[in-house]
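Structure, as structure tokens:
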Amino acid sequence: MTISTLIKSTSENNPFISNQDLVCDVIISEILSRSLKCGDHLSQSKLSTEFNLSRGPIKQALEKLESAGYLIRDEAGSFYVNKPDLRFSANVYSFKRQLDLLAANQAVYDISEEQLKALHQHLLRMIDAFQRKDFTDFCRCDNDFHMTIVEASLNSLLKESYLHYQNIFHFMSVCCEIDERLFKRLLYQHQKIFISLKNRQRDALQTAIDAHYSSLILF
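Under the working numbering, think of the first position of the sequence shown as 1, with each following residue one higher.
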């Protein structure tokens, strides 16, 4: 999808979106689809032309994305797609791990057969994406997999928290080094999470989630 198409689609989906939020949403979409990769430079003049906006709202949007962790700025004031360092990654993964543990510990008792089927479908999509070496799609399936567990927890506060931060969680996934060993390990751990939920094995579920996040932090 071209940036002009993405701008049009985002505007049509939310006619009352502010210029600043429009720029933010489009740039985040480009990052999550890997159209923009870690280290890529964002030219304010180019963005100004693409969005047909003055430099003011463009810079404000970039500063907002910087505050959220998506971008970094060098000494000259230029913006680049962030490559999260170990501390930032550890903080995000630690927070997401706690949400996932809380959700899974409740879902293990409440997950329905329909939700188990949905979880299995996400897992099959992850397997297919891994075989195709489409790691961007793998990350989307990963996000859907965890969101299904959150929904199965029947905890509205957890769901709101996950929805609020899901883009930054997805961002962390797409920023992972494209290392087939990591994604193979993640696939195996998601299989273990699914089996533990299906069999209502709470201890095995916690072990699988802990292993999942240990892999992410170690890489």
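Even glycine gets a Cβ: it sits at the ideal position worked out from N, Cα and C.
Between which two residues does the alpha helix (DSSP H) containing residue i stretch?
i	result
L187	180–198
R73	That residue, R73, is in no alpha helix (DSSP H); its beta strand (DSSP E) goes 71–73.
F135	135–152
F79	No alpha helix (DSSP H) holds F79; the beta strand (DSSP E) holding it covers 79–81.
D25	19–32
K37	Here K37 belongs to no alpha helix (DSSP H), and DSSP marks it neither H nor E.
D85	Neither: D85 is in no alpha helix (DSSP H) and is coded neither H nor E.
Assuming residue i contacts residue j (C-beta within less than 8 Å), just tell me the rounded distance between them.
i	j	result
M126	H170	Their Cβ separation, rounded to whole angstroms, is 14 Å, which puts M126 and H170 out of contact at 8 Å.
S153	D110	7 Å
E66	R73	6 Å
I168	A104	The pair is not a contact, with the Cβ atoms about 20 Å apart (cut-off 8 Å).
D144	H120	With a Cβ gap of about 12 Å, D144 and H120 do not count as contacting.
K198	L116	6 Å
With 16 as the cutoff for other CB atoms within 10 Å, does residue i come out buried or exposed?
i	result
P15	exposed
S78	exposed
H212	buried
L86	exposed
K96	buried
D179	exposed
R181	exposed
A226	Here the chain comprises residues numbered 1 to 219, so residue 226 is not present and cannot be evaluated.
H146	buried
L124	exposed
Once the 5 residues before and after residue i are set aside, which same chain residues still bring their CB inside 7 Å of it?
i	result
L99	L158, S161, Y162
L101	Q206, I209
H41	S78, Y80
F88	G69
Output the distance between the C-alpha atoms of residue i and residue j, rounded to the nearest integer angstrom.
i	j	result
I195	I28	33 Å
D134	D142	12 Å
L216	L71	21 Å
M172	P84	8 Å
N52	K46	10 Å
E12	Y93	34 Å
N19	Q201	48 Å
T5	R34	16 Å
G39	A118	35 Å
S156	A90	25 Å
S112	S48	48 Å
A76	E114	53 Å
K64	M1	24 Å
L8	L32	A quick correction: the sequence has Lys, not Leu, at residue 8. Approximately 18 Å, taken between the alpha carbons.
Where does the unbroken beta strand (DSSP E) through residue i begin, and where does it stop?
i	result
F171	Premise fails: F171 lies in the alpha helix (DSSP H), 156–174, not in any beta strand (DSSP E).
R125	Careful: R125 lies outside any beta strand (DSSP E), inside the alpha helix (DSSP H) at 113–132.
CB-CB under 8 Å to residue i, same chain, minus the five flanking residues each way: which ones, in chain order?
i	result
T10	I17, L22, D25, V26, S29
F130	F138, F183, K184, L187
Q44	R55, I58, K59, L62, F79
Below 6 Å CB to CB, which residues in the same chain sit around residue i once its five sequence neighbours on both sides are set aside?
i	result
E50	I3
L36	E30, V81
A107	I149, A152, S153
C139	S173, V174
I193	A208
P57	N19, Q20
T136	R34
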